[in-house]
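In UniProt numbering, the protein residues as written are 1 to 215.
Ideal Cβ placement from N, Cα and C applies to all residues, glycine included.
No experiment lies behind these values; they were computed from the predicted model shown.
Just below is one structure, and these are the notes that go with it.
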């Protein structure tokens with residue numbers, strides 16, 4: 001029996017966020033997510049999709065001849081076969097990243113993968129789903145992301161940054177303004193005023209393509 005995953009889409013575009021923002025990347029978007037963040041921009045990946053073998057996914061990715069591959073969702077780790085997919089992508093020589101909500105266990109993820117771990121703020125409406133045990137598995141290859149919905153969210157994120165010493169645990173800490181909820185300039189000013197060891201992250205795909213599917 002071949003290993004399979006339920007896939008919403010596989011496409012080639014520019015990475016819109018994280019430390020590889022702006023670099024051509026193949027995205028493998030898995031179907032399904034147990035969370036319902038109020039700002040979610042990929043609700044179309046909650047259901048549907050197509051059952052695809054791991055061999056077929058690897059073939060489709062290889063056809064683009066990429067350097068970078070991002071496994072995203074939904075929540076990719078909600079499907080157990082995400083773990084072997086990540087390892088096989090690494091074995092194929094790609095620089096692989098995983099975008100995960102932070103609600104599911106990341107301990108089995110191949111250490112070659114750059115985990116982009118969300119910490120859900122109170123404004124996300126899913127703060128209670130944070131699995132703080134995941135922080136123990138962070139390395140310098142990984143990234144922690146906060147989507148900031150308000151000044152209160154910013155203050156909460158700063159408290160977690162300090163409490164867990166995230167700038168030392170992860171290679172990058174990313175603060176991103178929630179689209180149409182916090183002005184990017186305001187968030188930039190807060191970061192500078194507090195001299196935080198974090199990177200302001202703007203979503204290029206929203207700027208360039210206004211969240212059109214396939215980008």
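In the structure shown, residue 60 falls within a helical segment according to DSSP collapsed to helix, strand and coil. One alpha carbon belongs to residue 170, the other to residue 106, and they sit about 14 Å apart. If one requires a minimum length of 3 residues, the beta strand (DSSP E) runs lying completely within the stretch 47-105 are 50-53, 68-72, 95-100, in chain order.
Under DSSP, residue 118 shares a beta bridge with 145. Cβ neighbours of residue 201 within its own chain (closer than 8 Å, five residues either side excluded): 17, 18, 21, 145, 174, 175, 176.
Non-local C-beta neighbours of residue 147 in its own chain, meaning closer than 6 Å and more than five positions away in sequence, comprise 176, 178, ordered along the chain.
For the set 32, 113, 51, the Cα lying nearest the Cα of residue 2 is the one of 51. Of the candidates 46, 25, 24, the residue whose Cα lies closest to the Cα of residue 34 is 46.
Rounded to the nearest angstrom, the gap between the Cα atoms of residue 25 and residue 12 is 6 Å. By the Cβ test, the stretch 77-94 is not in contact with the stretch 115-126, since fewer than three Cβ pairs between them sit closer than 8 Å. Checking the DSSP bridge columns, you'll see residue 14 partnered with 24.
Listed in chain order, the non-local C-beta contacts of residue 101 below 6 Å within the same chain comprise 35, 75, 118, local neighbours out to five positions each way being set aside.
In this structure, the alpha-carbon of residue 28 lies about 6 Å from that of residue 72. Pairing residue 5 with residue 79 gives a Cβ-Cβ distance under 9 Å. Taken atom to atom, the span from the alpha-carbon of residue 37 to that of residue 66 is near 30 Å. Residue pairing by DSSP places residue 172 opposite 143 in a beta bridge. For residue 29, the beta-bridge partners assigned by DSSP are 9, 72. Judged by beta-carbon spacing, residue 113 lies beyond the 9 Å limit of residue 134, meaning their Cβ atoms are not closer than that value. Taking 9 Å as the cut-off, the beta carbon of residue 149 is found closer than this to the beta carbon of residue 181. With respect to residue 98, residue 54 sits apart: the two C-beta atoms are not nearer than 9 Å.
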